[in-house]
Every structure is written in structure tokens, then in C-alpha cells.
Amino acid sequence: MASFSQFGNDLYTGARSFDFVGKRRIWYIIAAIMVLGAVLIPIARGGFVFGIEFRGGSEFTVSGVQGEIDQQVATDAVLEIDPRSGPRVTVVGGDGVRVQTEEVEREEADRISTALAEAYGVPPEDVTSSFIGPTWGADISAQAIRALVVFVLLAAVVMAVYFRTWKMSVAAMVALVHDLVITAGVYGIFGFEVTPAAVVGFLTILGYSLYDTVVVFDKIRENTSEDGVESRRTFAQSVNLAVNQTLVRSINTSIVAVLPVAAILFIGAVVLGAGTLRDIALALFIGILVGTYSTIFIAAPLYAHLRENEPEVKKQGSRKPVVRSDATTGAVR
């Protein structure tokens with residue numbers, strides 16, 4: 006613990022430093038590869054797997070199942086009634102089974118309910134069925150897109166006003182889009198089901214990503230505002246110092262945020278089988294990790310890049326550079 010504290014102190018004072026800004030092209034290439042993969046791989050796999058709330062269909066829930074639950078039993082029972090129903094079976098909690106199918110007629114739904122009750126040896130009243138229309142999912146999607154657009158526009162304006170520069174706002178928005186694309190891409194790559202709960206998780210990511218970025222940008226503004234005519238730091242070095250000074254804080258915040266989310270994900274997916282908890286927690290878990298990465302490796306270096314051609318920044322960059330005594334760590338002296 007003491008060594009980690011010393012590590013954080015060295016980063017803050019400049020005795021130790023990682024060159025995040027100077028190696029920005031490497032981070033850009035890595036980000037571009039991840040974004041392309043997040044877009045192209047799901048397309049190659051046939052697109053996203055949407056939940057029944059988006060595609061519509063029938064849902065059957067069997068409760069009170071005794072003993073170990075065999076999902077194949079439900080699949081066989083449904084296919085025997087309708088071979089084209091395409092059943093998707095999941096275990097809910099420790100004694101429940103949820104079966105989602107394509108839309109079926111009411112008479113056929115009753116036959117499937119009876120077959121499921123017989124297959125699992127439960128009373129018919131322990132099997133419930135419901136129909137979900139695709140229009141509900143379409144409404145949710147439209148509202149989510151509107152909320153995303155409004156949030157991004159308002160956040161961009163507020164950040165531009167607060168930091169008094171549109172370039173910080175642009176850098177933050179690029180990092181935000183990067184986070185959303187990669188998080189959604191992970192769902193598409195691994196075939197995770199996209200549900201309304203997952204969409205809520207996607208929107209929640211926005212707040213966390215911007216919070217982390219604002220903290221780093223605030224330190225950047227503080228460092229660069231202190232660079233008077235006597236300063237020997239270039240603008241890029243001041244930005245890099247700010248990222249290093251907030252690095253330990255970003256790591257600690259991410260760990261504190263990820264641990265409870267991981268616990269919720271485990272409980273929701275493994276212990277309770279609660280789909281809503283699992284879907285929200287999964288989106289948050291991925292988004293927090295990606296958001297921490299983008300703040301450090303995308304947002305701050307991009308801001309320095311956007312300003313490098315400004316006359317004042319060029320003039321500052323022409324000063325005698327700070328001597329670096331350690332070529333390996335890039336320690337600023």
C-alpha cells in the first residue's frame with residue numbers, strides 16, 4: 006500500500022510519468038481497431054440479438070420446478086407443438102424457466118403451456134404466458150435514441166461553456182461515442198441479448214464516462230492556466246502531467262465502481278437469474294472499464310492534438326523543453 010501511495014505521489018509531482026500524450030497515435034490506432042471490430046464483427050455475425058421486447062413474440066414462465074432444471078426439456082416440449090417457434094430457454098432464479106418464442110396464436114399458446122406443465126411436472130396454473138408486441142420495443146428504442154441525442158447535445162454545450170473551449174467538448178464527445186460503440190460492440194460480438202434494461206445501462210454509461218473526463222479536464226485546465234512565460238513545460242507536457250496526476254484517482258474510482266457492479270452482475274446472472282439486474286450490470290461493467298480507458302488514452306491526448314496548431318501553443322512549444330532524466334519512465338525534472 007505504501008509503495009502504491011508513493012507511486013501516486015511520484016505521478017503527481019512529476020518524478021515519474023507515462024507519456025500518454027506523446028504516444029497518442031498508438032492510442033488512436035488501438036481505438037480505431039477496437040471501434041472497427043465493434044462495428045464489423047457484429048455485422049459479420051448477423052447483427053445484434055434483440056430481446057423479445059424489441060422483436061415481439063410470446064413468453065412462457067414456469068415456476069416451482071423441482072430438482073435440477075434441464076433447459077432441453079422445455080425446448081423439446083415447445084418444438085413438439087410448433088417446430089417453427091424458435092424457443093429460447095433461460096433459467097430464472099433457482100426454480101423457474103422462461104421460454105421465449107416467435108408470436109403464436111392463443112390456442113397454440115395454451116397447448117405450449119400445457120406441454121411445459123407436463124414436461125416439468127407442475128400444475129398448469131404455475132405456467133403463465135404473455136404476448137409482447139414489437140411496437141413497444143420500437144417506442145422504447147425511439148425514446149432511447151432521442152434521450153441519447155439530447156444528452157450529448159446538452160453535455161457538449163455545458164462542457165464548452167464550463168471549460169470555455171469547444172475543443173474540450175469535442176474531445177469528450179469523441180471519447181463518449183467511443184465508449185458507446187465499443188460497449189454495444191461487445192454485446193454484438195458475444196451475442197449478449199439487447200434488452201430495455203441493457204439500453205438503460207448504455208445510457209447510464211454516459212454519466213460515468215463524462216464524470217471521469219471532466220475531472221481530468223479540470224486538472225488540465227488548472228495546469229495549463231499556470232503555464233506563464235517562465236514555465237518550461239510545453240502545452241502537451243502540461244496536459245500529460247494532468248493525466249498522470251489523476252491516473253491513480255481514475256484507477257481507484259474505476260475499481261470502486263466496478264466491484265459492486267461485478268457483484269450485482271454475479272448475483273443477477275448466477276444466483277437469482279434476474280434478467281434485468283444482469284442486463285443493466287453487464288452494460289455498466291463493460292462501460293466503466295471502457296470509459297476509464299477512453300478518458301486517459303483518448304480524451305486528453307485528443308484535446309492536446311486539437312490545440313497543437315494554435316499560435317499560442319506553438320509558441321509555448323518552442324521553449325526549451327523540460328529535461329527528462331529517465332528515458333524509460335519519462336520522468337519530468
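In this note's numbering, the protein residues as written are 6 to 338. Quick reminder that beta carbons are idealized off the backbone N, C-alpha and C, glycines included.
Quiz item: If we count the other Cβ atoms within 10 Å of its Cβ and call it buried at 16 or more, is G335 buried or exposed?
Solution: The residue given as residue 335 occupies position 330 in the sequence shown. Because G335 carries a pLDDT of 42, less than 50, the predicted location of this residue cannot be relied on, and the following value inherits that uncertainty. Buried is the call here.
Quiz item: What is the C-beta distance between V208 and A160, in whole angstroms, given that I count them as a contact (C-beta under 8 Å)?
Solution: Within the sequence shown, numbered from 1, the residue matching residue 208 stands at position 203. Within the sequence shown, numbered from 1, the residue matching residue 160 stands at position 155. Before going further, note that residue 208 is Leu rather than Val in the sequence given. Incorrect: roughly 12 Å between the Cβ atoms, too far for contact.
Quiz item: In its own chain, which residues sit with a C-beta less than 7 Å from the C-beta of P306, not counting the 5 before and 5 after it?
Solution: Reading the sequence shown from its first residue, position 301 is the one you call residue 306. So the list reads F25, V26, R29 and W32, once near-sequence residues are dropped.
Quiz item: From the DSSP output, which residues share a beta bridge with T133?
Solution: Numbered from 1 along the sequence shown, position 128 holds the residue referred to as residue 133. BP columns for T133 point to T66.
Quiz prompt | Straight-line gap, G69 to V127 (C-alpha atoms, nearest Å) | solution = Translated into the one-based positions of the sequence shown, residue 69 becomes position 64. Translated into the one-based positions of the sequence shown, residue 127 becomes position 122. Whole-angstrom Cα-Cα distance: 7 Å.
Practice problem: Mind checking which residues open and close the beta strand (DSSP E) that includes R103? | Solution: Here residue 103 is taken as the residue at index 98 of the sequence shown, counted from 1. Unbroken beta strand (DSSP E) run through R103: G101 to T106.
Exercise. Can you give me the start and stop residues for the beta strand (DSSP E) that V96 sits inside?
Key: Within the sequence shown, numbered from 1, the residue matching residue 96 stands at position 91. Taken as a continuous stretch (DSSP letters only), the beta strand (DSSP E) holding V96 covers R93 to V97.
Quiz item: If you draw a straight line from the C-alpha of M173 to the C-alpha of F302, how long is it?
Solution: Walking along the sequence shown from the start, residue 173 turns up at place 168. Walking along the sequence shown from the start, residue 302 turns up at place 297. Roughly 14 Å separates the two Cα atoms.
Self-check item: Environment of R338 [buried if 16+ CB atoms lie within 10 Å]
Solution: Numbered from 1 along the sequence shown, position 333 holds the residue referred to as residue 338. Annotation note: pLDDT 43 at R338 (below 50); position unreliable, coordinate value reported separately. So R338 ends up on the exposed side.
Quiz prompt | Top-ranked residue by Cα proximity to P265, from S299, I285 and Q250 | solution = By 1-based counting over the sequence shown, the position of residue 265 is 260. The shortest Cα separation from P265 among S299, I285 and Q250 belongs to I285.
Quiz item: Which two residues bound the contiguous alpha helix (DSSP H) that contains F53?
Solution: In the sequence shown, the residue the question calls residue 53 occupies position 48. Careful: F53 lies outside any alpha helix (DSSP H) and carries neither H nor E.
Quiz item: So which of I86, D81, D87 and L16 has the shortest CA-CA distance to V94?
Solution: Working through the sequence shown from its first residue, we reach residue 94 at position 89. For V94, the nearest C-alpha among the options comes from D81.
Practice problem: Taking the CB atoms as reference points, tell me whether D115 and A122 lie closer together than 8 Å. | Solution: Within the sequence shown, residue 115 is the residue found at index 110, counting from 1. Within the sequence shown, residue 122 is the residue found at index 117, counting from 1. No, Cβ-Cβ distance for D115 and A122 is not below 8 Å.
Self-check item: Beta-carbon gap between V96 and S63 smaller than 8 Å
Solution: Within the sequence shown, residue 96 is the residue found at index 91, counting from 1. Within the sequence shown, residue 63 is the residue found at index 58, counting from 1. Not closer than 8 Å, so no.
Quiz item: Can you name the residues that DSSP bridges to V199?
Solution: Position 194 of the sequence shown, counted from the start, is the residue given in the question as residue 199. DSSP, once it has assigned bridges, lists F55 as partnering V199.
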